[in-house]
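**Q** Encoded as structure tokens, here's the structure I'll be asking about.
Below is the structure:
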């Protein structure tokens, strides 16, 4: 964390307290001084919105885990000051289930490309199982030709059918993008955010209609009816130790 503040021994997100019970933390806590780069990039704007949303929600850097499967160099998510794993090649969701099983107190953010998020069945399976994580689907739209930018996106419909409680779509350059991502982080259960990430530096904005008027907003913000419950490994070891101690006393 540097010299300004210390990390907590145990993250304090356990119990999933509401935003009213959390105190805001400075947004600069997530970013080292070298984070101010590529300011015109849509991914950099998405990272800034994520850090502002997390900070406003009271999420501490040591409570945040970012799993990214984007194959970009440099990756703007590397500038985050939190736990992060990169280069997963579209396998961020399986890793997220492992993180959720190992430490329930963390807030998990998975960054997927539109092709991986729309074609693989991992998002539907995560919604059905009730994974408690936030999924950021980087939708390049017309830049790659592999994803739709219409308001009735198939990805949003599929995740709603599968049972995701929070489904939204945004443009990283919108003023309310940080507030929307903050709502996604506070949501208990699976939250899916379709982020329209058309690069304004390398692509002609006039040829992409969604850039001028991106179809965004929250499609659903309902309580998750099924949330994945994982036992704490430390508590499991303590129960096993007590069980063995009792058996030893009875012998």
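Residue numbers (the working numbering): 508 to 758. We put the CB at the ideal spot given by N, CA and C, even for glycine. Computed from a prediction, not measured in an experiment: that's the story for all the values here.
1) Name the two residues that bound the continuous beta strand (DSSP E) containing residue 572.
2) Enumerate in chain order the residues of its own chain whose CB-to-CB distance from residue 536 is below 6 Å, with the five nearest sequence positions on each side excluded.
3) Report buried or exposed for residue 747, applying the criterion of at least 16 other Cβ atoms within 10 angstroms of its Cβ.
4) Whole-angstrom Cβ separation of residue 577 and residue 641, contact assumed at under 8 Å?
5) Relative to the alpha-carbon of residue 530, which residue among 554, 563 and 552 has its alpha-carbon at the smallest distance?
6) Does the Cβ-Cβ distance between residue 685 and residue 560 come in under 7 Å?
7) Is there contact between the region 667 to 683 and the region 552 to 559, where contact requires at least three CB pairs shorter than 8 Å?
8) Applying the 10 Å Cβ sphere with the 16-neighbour rule, what's the burial state of residue 754?
9) If you measure between the beta carbons of residue 663 and residue 631, is that distance less than 7 Å?
10) Are the beta-carbon atoms belonging to residue 570 and residue 614 less than 7 Å from one another?
11) Going by the CB atoms, is the gap between residue 700 and residue 675 shorter than 7 Å?
12) Consult DSSP for residue 724 and reduce its assignment to one of helix, strand or coil.
13) Under 8 Å by Cβ, that's how I've got residue 634 and residue 697 pegged, so tell me the actual separation to the nearest angstrom.
14) Would residue 584 and residue 592 qualify as a contact pair, given that the criterion is a beta-carbon distance under 7 Å?
15) Between which two residues does the beta strand (DSSP E) holding residue 554 run?
16) At least one CB of chain B closer than 7 Å to the CB of residue 755: is that the case?
17) If you follow the beta strand (DSSP E) that residue 602 is part of, which residue opens it and which one closes it?
18) Please list, in chain order, all residues of the same chain as residue 689 whose beta carbon is under 6 Å from its beta carbon, the five residues on each side excluded.
19) Between residue 638 and residue 603, how many whole angstroms is the CB-CB distance? I'm expecting something under 8 Å.
20) Got a sec? Which residues, its chain only, sit under 8 Å from residue 667 by beta carbon, not counting five neighbours each side?
21) Go through its chain and collect everything with a Cβ distance to residue 704's Cβ below 7 Å, but skip five positions before and after it.
22) Exposed or buried, residue 544, counting other C-beta atoms within 10 Å across all chains shown (16 or more means buried)?
**A** According to the structure shown:
1) 571 to 575
2) 568
3) exposed
4) Going by Cβ atoms, the distance from residue 577 to residue 641 rounds to 16 Å, so no, they are not a contact pair.
5) 563
6) yes
7) yes
8) exposed
9) no
10) yes
11) yes
12) strand
13) 5 Å
14) no
15) Note, residue 554: premise wrong, no beta strand (DSSP E); alpha helix (DSSP H) at 549 to 563.
16) The chain labelled as chain B is not found in the depicted structure, where only one protein chain is given.
17) That residue, residue 602, is in no beta strand (DSSP E); its alpha helix (DSSP H) goes 599 to 609.
18) 560, 563 and 564
19) 7 Å
20) 674, 726 and 727
21) 549, 550, 553, 645, 646, 647 and 679
22) Residue placement at residue 544 cannot be trusted, given a pLDDT of 49 that sits under 50; what the coordinates show is reported in the next sentence. It counts as exposed.
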